[in-house]
Structure formats: structure tokens, C-alpha cells
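**Q** The sequence shown begins at 562 in the numbering used here and counts up one residue at a time.
Backbone N, C-alpha and C fix where the C-beta goes; we use that ideal spot for every residue, glycine too.
Once you've had a glance at the structure underneath, I'll fire off some questions.
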Amino acid sequence: MAHSLLLVDDEPRIRRVLRLALEDEGYQVAEAANGYDALAALRREPPDVVLLDLMLPDRDGFTVCREIRRTSDVPVIMVTARTDSHDVVAGLEAGADDYVTKPLVAKELSARIRALLRRVEPANARQLDLLVVGDLRIDVAGAEVSRGDTVLPLTRTEFKLLAELAGAEGKVLSREQLLSKVWGYGYFGDSRIVDVHIRRLRLKIEHDPASPKHLVTARGLGYRLVS
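What follows is the structure, given as C-alpha cells:
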């Protein structure tokens, strides 16, 4: 069955070109020209991936992404013509799973989408079904993290990152290892995507994100998850 995409861009020509190219790659593509229509389409028929342009006429992509994250963990790829690192980081902190810059090359975009879809598929069956780190219970099979009776609202990418760190059993994983394991071998984006997702994870799993007890930094080496 073909994966479904929601393409959000206010330029009809760009939407048409991308839709035709992505349909040639085997995707089912729905379109939205603004943030309001995108959110309505998401509620009506949730896609497998959202391609979200940063510059929209009614509200910017950051705002739309934050609104998506209030109710959905659907993977979001932010699309931007800007190369400023501040915009990239802001998009990731708003809840995007990845980002691409214009002009877009259809084959490269399709590769990023495939990598993202692999990332959010159910965890490999060889992994343990349940991991416990401190007061966190990580249900690998169910892709769910809980503390007591409370399920924590992680995105699929955040869950994958946490599960990889938990599976390392306290060992340090470098940014490069995490990029390969979570974002896929050959990922060609900015490695700071790891740092941004780590910050987002800490906000959700740590009692005091400024002084993390579980998700800790190994200076100059990477990150590890400890009980």
C-alpha cells in the first residue's frame, strides 16, 4: 500500500511539480495551500508524513508544526528556503522530525521521506519488548513511554531516539551513531538535529531538564541513558 503525504505550500506551481514527482515515486499526495487547510486535512485524513513549508500566508510553519504536535505524532519534514541555522533549529524545536532546504530535488526528498518512514516503523523484533530506566517504562513493541500511569507525549522520532539510547544499556552513543541508528545511514542533514531532539526529550522525560539525571551528556563523546 502506498504511503500518504500531505504537501503544504502556498505556491501552486511548487505543489504541482512536487506532487507529480512524488506520485512518480509511488506516494499518494494530498495538498494544502495554508496552515488552516493543512490542519483540517490532517484531522480529516491523517497522512503518513507531512511536508510543511516554513513560509505560509496565514501562519508560519513553526506555528502550524506546534499545533500539529498538540494532537498528533505524525512525522513532519520542514521545508525552508532559508539556510540560517536559527530557522533550522527553531523548526526542529517546534516539533519537526527533519528538514530540507529549497530548491528541492525530488529523488533526494524521496530518500529523506523513505528514511523517515523507516525510522518510525515498529522497532525491530529482536529488541526487548520492555525497557526500564529509573521510573521510565519504555514499551518498545507499543512505541510508548510511561511514568507511573502517565503516558509521555513523545513523537515517533523522539521515541526511536530514546529506545536506541535505552538499548545501549548505559553506554555512550556518539552523535554519528545516533544519526545512523535513528535518522538512517548516510543522513546528510545537520548533526545538530540530534542535540535539538535530545533537548526536546529532556523536557518530556526529566523532572528537571536543566539538570538531567537520566539523559546525560558525555562531553565531547555523545549521550547516554542511565537509571
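#1: Please report how far the alpha carbon of E730 lies from the alpha carbon of L697, in whole angstroms.
#2: Please list the terminal residues of the continuous beta strand (DSSP E) segment that includes V666.
#3: For K668, which option in V757, P770 and L581 has the closest C-alpha, if you only look at C-alpha atoms?
#4: Could you tell me which of H768, A724, R605 and L762 sits nearest to A655, measuring between CA atoms?
#5: Please go through the same chain and pick out, in chain order, the residues whose beta-carbon is closer than 7 angstroms to the beta-carbon of R679, but skip the five residues on each side of it.
#6: Are the CB atoms of V755 and L740 within a distance shorter than 8 angstroms?
#7: Going along the chain, which residues of its own chain have a beta-carbon closer than 6 angstroms to the beta-carbon of R630, five neighbours each way excluded?
#8: Could you pull the start and end residues of the alpha helix (DSSP H) that D585 belongs to?
#9: Which residues mark the beginning and the end of the alpha helix (DSSP H) in which L600 is found?
#10: At which residues does the beta strand (DSSP E) containing E592 begin and terminate?
#11: Look at the alpha carbon of A771 and the alpha carbon of K765, and state the distance between them as a whole number of angstroms.
#12: With a threshold of 8 angstroms, are at least 3 pairs of Cβ atoms found where one atom belongs to the region 637-656 and the other to the region 592-606?
#13: Over the uninterrupted beta strand (DSSP E) stretch that includes T662, give me the two end residues.
#14: With respect to the alpha helix (DSSP H) encompassing S646, which residues constitute its N-terminal and C-terminal limits?
#15: Just grab the DSSP bridge partners of S772 for me.
#16: Specify the secondary structure class of L723 as computed by DSSP and reduced to three states.
#17: Might you give, ordered along the chain, the residues of its own chain that have their beta carbon closer than 7 angstroms to the beta carbon of P773, omitting 5 neighbours on each side?
#18: Count the other CB atoms, across all protein chains shown, that sit within 10 Å of the CB of E725; report buried if there are 16 or more and exposed otherwise.
#19: For G652, is the classification buried or exposed, using 16 other Cβ atoms within 10 angstroms of its Cβ as the cut-off for buried?
#20: Please tell me whether L786 and A704 are closer than 8 angstroms, where the distance is taken between their beta carbons.
#21: Please say whether V743 and L715 have beta carbons closer to each other than 8 angstroms?
**A** Reading it off the structure:
#1: 14 angstroms
#2: Taken as a continuous stretch (DSSP letters only), V666 belongs to no beta strand (DSSP E), as it is neither H nor E.
#3: L581
#4: Restricting attention to H768, A724, R605 and L762, the CA atom closest to the CA of A655 is found in L762.
#5: G745
#6: Closer than 8 angstroms, so yes.
#7: G656
#8: P573 to D585
#9: G596 to R605
#10: Segment Q589 to A593, the beta strand (DSSP E) holding E592.
#11: 12 angstroms
#12: no
#13: D659 to T662
#14: S646 to E654
#15: DSSP, once it has assigned bridges, lists no residue as partnering S772.
#16: helix
#17: R763 and E767
#18: buried
#19: buried
#20: no
#21: Judged by beta-carbon spacing, V743 lies beyond the 8 angstroms limit of L715, meaning their Cβ atoms are not closer than that value.
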